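See below for the structure under consideration.
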Ligand code: WT7
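In the numbering used here, the protein residues as written are 895 to 1573.
In structure tokens form, the structure reads like this:
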């Protein structure tokens, strides 16, 4: 990317309305020097984070800001004690927000006659406090849930999900949430790894006008767990749709029955958790087939969320905040549940699809509640920008004052559409970069700083104060401005994962061993730093796909494919997609006795749906080939496969892969090309 191709858009007009945070870093005369010091100087950096930590509630303060004596197992605010549920509810009530709306939930079904959603449920901070206490009580008294136990939640976007999360935190228990778009296999793998005893689920939910069942998937997962020696003792089922579901009297209990006899005013004394204790695990994909359980802390994580809510979202008392993610992913954990509640906000939570009943549902929601802060994904923006602009203009979106995106690179066209149509070209907008492992947003444009860092569409902006990120070459040396390298985080940050659950060695190997002799966190992303220090994340550098912003490893897909009796071998690569960013493209070699057909391709897609989940099955392409091209050392020639899908010519391919002869590359090219033409 040349400097000329990077367009400087404009300064943020919001500088006219100064940001509300009391610690007005943006007013500092020497802001740039100060900012530099927080990223370069260890002492200044720790001072900054310590100041942030002093803004939240602690039962007991820390005796050390950062323990870095055993890298990469960094521990923040060591000796401190707090609790995420306490911060999200009790502390809010103590600050006078007892009757403030914390959550406005809207179900998907739409009432055409009344032109309004069929169901809206509203909860004050006091409501959430009360309900989560009731659930805590039932978990503790009836199921003997204790501090340290990991509960597995397989739930759709209904308010009971955050309630159960808070109920677990209250007891010092932990959660492992599995996105409801995963299959029984995927759920079982995660439940087994986390040693689940209890699964919380729902009968089903609404998506794009249809009822999607969850309970049968859980039943299947329970069976798989049993076959692997794990007995799931209880399945708590929330009644969302009222559909008929299979029932097992021994294990299953309805949520409403479970809490029926609990006194509504019960109060469970909150567990004082060590800052460096863990709050949850969340599985994420990497370059091997086994998902990794990112384990997050309590104290550092809380400080990270509280700080970024203030810094990047510039939250105010009367904001209406809406993050459109699913709580099954990290964005929802951090920025639908813990972050916004800790910041005392009123949040919207929407159950369904953006285009139901029509592609203006989201704009309708923004107008109806007067949303002020909006956080969504590039895929959603690209999907919605295909419709006529009138659909957006019909609505009054003038309440929005900040809109960010997350999850995958945002192309400048999509950013400009977002900025123009949602942001009226005069608000703060950016693409905030982070990942499951980082727990918190690490980059973005901050309100108040527009004069210092003007907006550039498509960029990820700067790391926030106190966070050090570099773009490095293979040897771990910084790349020149404009040169592509690997994105690394070069020192610890408070929201960071603590380890991979039960796999400390894997934690070291996957994240901290990429740059020889340097204790840097390897993100797995390609990026560029431009002349002005802005970071531009280009996409994954490893074999991880981002399908509609959802992270999925090609190794997971390949290992699922091989379980099908017809498949001898397969190689999955990402194919560029104008809306979803990438979709899986799977080169498949069949076993003897099977021949390629559309039916078999469909069956294989169904197989993927059953083994991984609907999130990969749609838009997957299966291409049958005679062999998967490999290097002499047996590695799949992925770069070559990717290049061919992207339309590379024969002349381009010979130099693409290491350790492969020109002739072999050409042969592979011809055979793959022929398979593509047959499609
Ligand atoms: C990967 C992490 C963190 C929330 C959801 C994703 C990509 C994330 C951006 C962005 C470019 C981005 C990276 C990263 N990514 N945000 N603003 N611009 N790329 O979490 O599922 O753990 O995925 O998402 O490739 O490594 P995740």
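Using N, Cα and C, we set each Cβ at its ideal position, and we do this for glycine too. Predicted, not measured: the structure shown is a model, and the values here were computed from it.
Taking 8 Å as the threshold (C-beta atoms), are residue j and residue i in contact?
i, j, result
"residue 1366", "residue 1419", "no"
"residue 1462", "residue 1484", "yes"
"residue 1284", "residue 1315", "no"
"residue 841", "residue 1478", "In the structure as shown, the chain begins at 895 and stops at 1573. Residue 841 is therefore absent and cannot be evaluated."
"residue 1362", "residue 933", "yes"
"residue 1052", "residue 988", "no"
"residue 1390", "residue 1326", "no"
"residue 1300", "residue 1059", "no"
"residue 1574", "residue 1540", "Past the boundaries of the shown model lies residue 1574; the chain is included only from 895 to 1573, so the question cannot be answered."
"residue 1515", "residue 1480", "yes"
"residue 1267", "residue 1207", "yes"
"residue 1233", "residue 1298", "no"
"residue 1044", "residue 1001", "no"
"residue 1247", "residue 1279", "no"
"residue 1370", "residue 1410", "yes"
Here's a check: name, in chain order, each residue in its chain whose Cβ is nearer than 7 Å to the Cβ of residue i, leaving out the five neighbours to either side.
i, result
"residue 1310", "1351"
"residue 1436", "1181, 1418"
"residue 1415", "1382, 1383, 1405, 1406"
"residue 1564", "none"
"residue 1037", "1092, 1128"
"residue 955", "974"
"residue 1158", "1024, 1028"
"residue 1239", "1209, 1213, 1215"
Leaving aside the five residues before and after residue i along the sequence, list all residues of the same chain whose C-beta is less than 6 Å from its C-beta, in chain order.
i, result
"residue 1114", "1078"
"residue 1561", "none"
"residue 1137", "1097, 1098, 1105"
"residue 999", "1015, 1053, 1243"
"residue 1218", "1270"
"residue 1264", "1214, 1293"
"residue 947", "971, 1197"
"residue 1456", "none"
"residue 1472", "none"
Using DSSP bridges, identify the partner residues of residue i.
i, result
"residue 1189", "1175, 1393"
"residue 1387", "Partner(s): none; residue 1387 has no beta bridge."
"residue 1480", "1466, 1516"
"residue 1000", "1014, 1244"
"residue 1072", "None; residue 1072 has no bridge partner."
"residue 1099", "1106"
"residue 1415", "1383"
Please state the DSSP three-state secondary structure of residue i.
i, result
"residue 1298", "strand"
"residue 1047", "strand"
"residue 931", "helix"
"residue 1010", "strand"
"residue 1447", "strand"
"residue 1108", "coil"
"residue 1024", "helix"
"residue 1567", "helix"
"residue 1368", "coil"
"residue 1572", "helix"
"residue 1184", "coil"
"residue 1119", "helix"
"residue 1403", "helix"
"residue 1113", "helix"
"residue 1423", "strand"
"residue 1279", "coil"
"residue 1330", "helix"
"residue 1500", "helix"
"residue 1060", "helix"
"residue 1324", "strand"
"residue 969", "strand"
"residue 1430", "strand"
Could you check how far apart the C-beta atoms of residue i and residue j are, in whole angstroms? I think they sit under 8 Å.
i, j, result
"residue 1080", "residue 1069", "Their Cβ separation, rounded to whole angstroms, is 17 Å, which puts residue 1080 and residue 1069 out of contact at 8 Å."
"residue 1191", "residue 1170", "6 Å"
"residue 1348", "residue 1425", "Between residue 1425 and residue 1348 the Cβ distance is about 13 Å, and since that is not below 8 Å, they are no contact."
"residue 1197", "residue 1203", "Going by Cβ atoms, the distance from residue 1197 to residue 1203 rounds to 11 Å, so no, they are not a contact pair."
"residue 1346", "residue 1012", "Actually they are not in contact, since the Cβ atoms of residue 1346 and residue 1012 sit about 47 Å apart, beyond 8 Å."
Residues in the same chain with beta-carbon distance under 8 Å from residue i, minus the five sequence neighbours each way, listed in chain order, please.
i, result
"residue 1119", "1082, 1085, 1086, 1090, 1125, 1126"
"residue 1568", "none"
"residue 1506", "1076, 1077, 1079, 1080, 1446, 1450, 1451, 1454"
"residue 1064", "977, 979, 980, 1026, 1027, 1030, 1162, 1164, 1165"
"residue 1570", "1517, 1538, 1539"
"residue 1357", "933, 1336, 1337, 1363, 1429"
Please check if any C-beta of chain D sits within less than 8 Å of the C-beta of residue i.
i, result
"residue 1395", "Note that chain D does not occur in the displayed structure, where there is just one protein chain."
Taking only heavy atoms of the ligand SAM into account, decide whether any of them is closer than 7 Å to the Cβ of residue i.
i, result
"residue 1084", "The model on display carries the ligand WT7 but not the ligand SAM."
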